[in-house]
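Residue numbers (our numbering): 25 to 198.
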């Protein structure tokens, strides 16, 4: 169904707003997927905080103009679906990678992160990025490790003294 000018402007405005706030973008070829598969993909996208859109490439090109994703404009050819990570930079990569395991017709074509453009094969790298909670847990672990090591070093002389006294006591008792 063809869109009129006002509808096209609305699509461009919506995509521009999402692209302005998104952490990463994955563009994938979806030709050959069934309606049921696309519906399942959209459902998973909503659950994981990913904005998923199938739109004309010219509209997407206009929408990403002036954003970090402007680097992909020259690569927008053929039928593509666009997944923008809204909460977690790796969410779109994980969504496309996991769904591509069950639907071989879904092929990642472009990945964009931090104003850089990468080939679709980098979707694995994007998917391996830690979630916010995982990154915070790793940071807490790194911060706590020196304090734990310091406590162990400081308590070791007292522990050794206790062992010596215990050994002498056992030796005198025998």
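Glycine included, each C-beta is placed from N, C-alpha and C at the ideal position.
- Between residue 131 and residue 147, the C-beta spacing is not below 7 Å.
- Counted as a single uninterrupted DSSP element, the stretch harbouring residue 80 is not any beta strand (DSSP E), since DSSP gives it neither H nor E.
- Apart from the 5 residues on each side of it in sequence, residue 91 sits with its Cβ closer than 8 Å to the Cβ of 40, 43 and 44 in its chain, given in chain order.
- Sorting 176, 135, 110 and 128 by C-alpha distance to the C-alpha of residue 94 places 135 at the top.
- The three-state secondary structure of residue 89, taken from DSSP, is coil.
- With contacts defined by Cβ atoms closer than 7 Å, residue 123 and residue 75 do not form a contacting pair.
- Here residue 154 is exposed, its C-beta having fewer than 16 other C-beta atoms within 10 Å.
- Taking 7 Å as the cut-off, the beta carbon of residue 36 is found no closer than this to the beta carbon of residue 105.
- Minimum Cα-Cα distance from residue 141 among the listed residues 85, 38, 114 and 49 corresponds to 49.
- At least 7 Å separates the beta-carbon of residue 52 from that of residue 118.
- For residue 38 against residue 73, the beta-carbon gap comes to about 16 Å, at or over 8 Å, which does not count as contact.
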